[in-house]
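Position one of the sequence shown corresponds to residue 1 (the UniProt record's numbering), numbered consecutively onward.
We treat Cβ as the ideally placed atom computed from N, Cα and C, and that holds for glycine.
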Amino acid sequence: MKTLIFNININSNPEKIWKTLWDKESYTEWTKPFTEGCYYETESFTEGNEIKFLSPTGDGMLSKISSLKPNYFVAFEHLGMIMNGEKSSFKAENDNHQYLETYQLVQNENSVTLTAKVDTLEPWENSMNNAFPQALEIIKQLSEQ
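Structure (structure tokens):
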């Protein structure tokens, strides 16, 4: 497993960038480089709640919002996959590792730095390295409008 790190500077404020990240309509827009039509479902976007990151077919990832500081930081712990409506864990029996994806906003003098970190396995590394920079560029464009 490898942790990939992606950064972009955005000429906007943390509140607007946060809204771009997690507003359901803009989420679908900036996640297009991963899969067209992505969306998420959660009872409430609050710490400790389950969240499903899904494709238009309903397949995707089952995660937990493990840490949340609105307008600053969110961490998702990926728990498993959802395929054909069935949930499965990606952890082996003795695997204590957390598979995390985090987003952090840091206010600079004239901009905000968005840093995304994602733990990934080798089969998805190239896909993440291709999609994340494109996704961050879309977040930048939407947040600077």
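| Item | Value |
| --- | --- |
| Compute the distance between the beta-carbons of GLU36 and ILE65, then report whether it is under 7 Å. | no |
| Residues in its own chain within less than 8 Å of HIS78 by CB, not counting five upstream and five downstream? | MET61, LEU62, SER63, PHE90, TYR99, LEU100, GLU101 and ASP119 |
| How far does the alpha helix (DSSP H) with GLU122 in it extend, from its first residue to its last? | 122-143 |
| Taking the beta strand (DSSP E) that GLU25 falls in, what are its first and last residues? | Run containing GLU25: none in the beta strand (DSSP E); it sits in the alpha helix (DSSP H), 24-30. |
| Hey, ILE10 and SER111 are a contact pair by Cβ (cut 8 Å); roughly how many whole angstroms apart? | 6 Å |
| Leaving out five residues before and five after ASN49 in sequence, what residues of the same chain have Cβ atoms less than 8 Å from its Cβ? | THR42, GLU43, LYS64 and ILE65 |
| When you compare each of MET83, SER88 and ILE51 to ALA75 by their alpha carbons, which one comes out closest? | ILE51 |
| Assign GLU47 to one of three DSSP states: helix, strand, or coil. | coil |
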